[in-house]
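The sequence shown begins at -8 in my numbering and counts up by one.
Glycine residues also receive a C-beta, built at the ideal position from the N, C-alpha and C atoms.
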Amino acid sequence: MLPCRRRIAMSRRRIYGLFALVCLIFGSTFLAIRIGLDEGASPLFFAALRFVSAGGCMLALLLLTKRTSFTRLRPLLLRSAVLSLFLTVGTFGCMFIAETRVDSGLMARLDGAGPIVTAVFAAVLLGKKLNLRHGMAFVTGSAGVLLMAAPAASRSEPFFLAMAMASVVLYAAGNAVYPRLFRHEEDTVTVSALQSFVGGILLLVAALMLEDIAFTSAAVPALLYLIVGGSIVAHTATLVLVREAGPVFASGWLYAAPVAATALGALVLGEGVGASDFLGILLALGGVFLLNRAETVRTGA
-8 MLPCRRRIAM
2 SRRRIYGLFA
12 LVCLIFGSTF
22 LAIRIGLDEG
32 ASPLFFAALR
42 FVSAGGCMLA
52 LLLLTKRTSF
62 TRLRPLLLRS
72 AVLSLFLTVG
82 TFGCMFIAET
92 RVDSGLMARL
102 DGAGPIVTAV
112 FAAVLLGKKL
122 NLRHGMAFVT
132 GSAGVLLMAA
142 PAASRSEPFF
152 LAMAMASVVL
162 YAAGNAVYPR
172 LFRHEEDTVT
182 VSALQSFVGG
192 ILLLVAALML
202 EDIAFTSAAV
212 PALLYLIVGG
222 SIVAHTATLV
232 LVREAGPVFA
242 SGWLYAAPVA
252 ATALGALVLG
262 EGVGASDFLG
272 ILLALGGVFL
282 LNRAETVRTG
292 A
């Protein structure tokens, strides 16, 4: 029994370690997006460069190391394209457009509504049962997000605020759709790479059709950080969390990341932080704690 318990404990530590990594990286990517946009990159083209580059690099590495092959990629292609409509095209197309007018900290705070939306999709699409503890976690975390987001949201232009909220809904839907599209034994890293690459190509098509393409050398550092940290590392880790711990637990980073994003936005870009933000941060972190208690973390075989 003791070795089995040790394996379970190690698996849980791995899951919580991945969760902390996702929170840290995603909390800083909102700032990187805003910096790149402020340096003159057009939103859809900027997003397309991020995901074509990240997905292409990951696929090349997987093929070179023989972890996958073109034969094994073929049956994943259509399903990955469907997933990319939610997780890449919809989520980040809307997010990059929103951040041309919405503060990076506010974008992150609005993302804090994600666990509630994810829970709704998980209950409808996956038949997930939610209990009273889930409800307490969602109410506490969302109250924190509302306190942090409301002052800045009231000053934002309605269209860009709507884009920000659409990003939240599409990301939550993508997390819930993933287990319906892919079997547990199908490689998460391969799926992440393929959906990123396909989604990036679709974003590139949208950029060519809908905007005046612009990109400057000053936006390159932000792009590189988004490619390596935000796409290759964090998005792959998130899909592993969805597979190992379920979509509701995996979406809990959306309560914690706004804390990092708010602090970075204030320090680097001088975005305003008030008393309601600090109270909201405490409630948001309380939501993460309660969600952790509510979720029974599944351990992989």
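Just to confirm my understanding: we take glycine 277, look at its own chain, exclude 5 residues before and 5 after, and list those with CB closer than 8 Å. What are they? Position 286 of the sequence shown, counted from the start, is the residue given in the question as residue 277. Taken in chain order, the residues that qualify are Thr131, Gly132, Gly135.
Would you report the Cα separation of leucine 28 and valine 43, rounded to the nearest angstrom? By one-based count along the sequence shown, residue 28 stands at place 37. By one-based count along the sequence shown, residue 43 stands at place 52. One C-alpha to the other measures close to 18 Å.
How should asparagine 122 be labelled, buried or exposed, when 16 other C-beta atoms within 10 angstroms of its C-beta is the threshold for buried? Taking the sequence shown and counting its residues from 1, one reaches residue 122 at position 131. Exposed is the call here.
May I have the straight-line CA-CA distance separating arginine 289 from proline 212, to the nearest angstrom? Position 298 of the sequence shown, counted from the first residue, corresponds to residue 289. Position 221 of the sequence shown, counted from the first residue, corresponds to residue 212. Bear in mind that the predicted position of arginine 289 carries a pLDDT of just 42, short of 50, making it unreliable; the figure below should be weighed with that in mind. Rounded to the nearest angstrom, the two C-alpha atoms are 37 Å apart.
Anyone know if the C-beta pair for alanine 248 and leucine 152 falls short of 9 Å? Here residue 248 refers to the residue found at position 257 when the sequence shown is read from its first residue. Here residue 152 refers to the residue found at position 161 when the sequence shown is read from its first residue. Not a contact, by the Cβ cut-off of 9 Å.
Cβ-Cβ distance between leucine 138 and serine 267 below 9 Å: Here residue 138 refers to the residue found at position 147 of the sequence shown. Here residue 267 refers to the residue found at position 276 of the sequence shown. Yes; because the gap between Cβ atoms is below 9 Å, this pair is in contact.
Reducing DSSP to helix, strand and coil, say where isoleucine 26 ends up. Counting from 1 along the sequence shown, the entry for residue 26 is found at position 35. Looking at isoleucine 26 - three-state DSSP - the assignment turns out to be helix.
Beta-carbon proximity list for serine 95, same chain, < 8 Å, skipping 5 on both sides: Numbered from 1 along the sequence shown, position 104 holds the residue referred to as residue 95. For serine 95, where only same-chain residues beyond five positions count, the Cβ hits under 8 Å are Phe21, Leu22, Ile24, Arg25, Ala252, Leu255, Gly256, Leu260, Glu262.
Candidates Gly46, Leu68, Arg146: closest to valine 93 by CA position: Start at 1 with the first residue of the sequence shown, and residue 93 comes out as number 102. Among Gly46, Leu68, Arg146, the Cα nearest to that of valine 93 belongs to Arg146.
Where threonine 59 and leucine 53 are concerned, what is the direct C-alpha to C-alpha distance, given to the nearest angstrom? Taking the first residue of the sequence shown as position 1, residue 59 is located at position 68. Taking the first residue of the sequence shown as position 1, residue 53 is located at position 62. Spanning the two alpha carbons is a distance of roughly 6 Å.
Contact between the region 191 to 199 and the region 5 to 18: three or more CB pairs below 8 Å? no
In or out: alanine 99 buried (at least 16 other Cβ within 10 Å) or exposed? Start at 1 with the first residue of the sequence shown, and residue 99 comes out as number 108. When all chains shown are included, alanine 99 counts as buried.
Looking only at its own chain, which residues have a Cβ that is under 7 Å from the Cβ of alanine 164, when we skip the five neighbours before and after it? On the sequence shown, residue 164 is found 173 positions in, with the first residue counted as 1. So the list reads Phe77, Phe112, once near-sequence residues are dropped.
Between phenylalanine 206 and glycine 31, is the Cβ-Cβ spacing less than 9 Å? Against the sequence shown, residue 206 aligns to sequence position 215. Against the sequence shown, residue 31 aligns to sequence position 40. Yes, Cβ-Cβ distance for phenylalanine 206 and glycine 31 is below 9 Å.
If we call anything under 9 Å between Cβ atoms a contact, is leucine 67 one with phenylalanine 173? As a first step, residue 67 is located in the sequence shown; it is residue number 76 there, counting from the start. As a first step, residue 173 is located in the sequence shown; it is residue number 182 there, counting from the start. Result yes, Cβ atoms of leucine 67 and phenylalanine 173 sit closer than 9 Å.
Look at tyrosine 327 and glycine 220 and say whether their C-beta atoms are less than 9 Å apart. For the chain, the structure presents residues -8 to 292; residue 327 sits outside this window and is missing.
What's the call for phenylalanine 129, buried or exposed, on a 16-neighbour Cβ count within 10 Å? Translated into positions along the sequence shown, residue 129 becomes position 138. So phenylalanine 129 ends up on the buried side.
Here's a check: name, in chain order, each residue in its chain whose Cβ is nearer than 6 Å to the Cβ of serine 183, leaving out the five neighbours to either side. As a position in the sequence shown, residue 183 is number 192, starting the count at 1. His226, Thr227, Leu230, listed in sequence order.
Anticipated Cβ contact below 8 Å, alanine 72 with valine 160, distance rounded: Within the sequence shown, residue 72 is the residue found at index 81, counting from 1. Within the sequence shown, residue 160 is the residue found at index 169, counting from 1. Actually they do not touch by this definition, with Cβ atoms about 20 Å apart.
Assuming serine 19 contacts glutamine 186 under a Cβ cut-off of 8 Å, what Cβ separation, rounded to an integer in Å, is found between them? Position 28 of the sequence shown, counting from 1, holds the residue named residue 19. Position 195 of the sequence shown, counting from 1, holds the residue named residue 186. Incorrect: roughly 22 Å between the Cβ atoms, too far for contact.
Local conformation of glutamate 176 per DSSP, three classes: For the purposes of this step, residue 176 is taken as residue 185 along the sequence shown, with counting starting at 1. DSSP places glutamate 176 in coil when its eight states are reduced to three.
Isoleucine 192: buried (16+ other C-beta within 10 angstroms of its C-beta) or exposed? Looking up residue 192 in the sequence shown gives position 201. So isoleucine 192 ends up on the buried side.
Three-state secondary structure (DSSP) of asparagine 122: The residue given as residue 122 occupies position 131 in the sequence shown. Asparagine 122 falls in the coil class under three-state DSSP.
Buried or exposed: which applies to histidine 125, given that a residue is buried once 16 or more other Cβ atoms fall within 10 Å of its Cβ? Numbered from its first residue, the sequence shown carries residue 125 at position 134. Looking at its Cβ environment, which holds 16 or more other Cβ atoms inside 10 Å, histidine 125 is buried.
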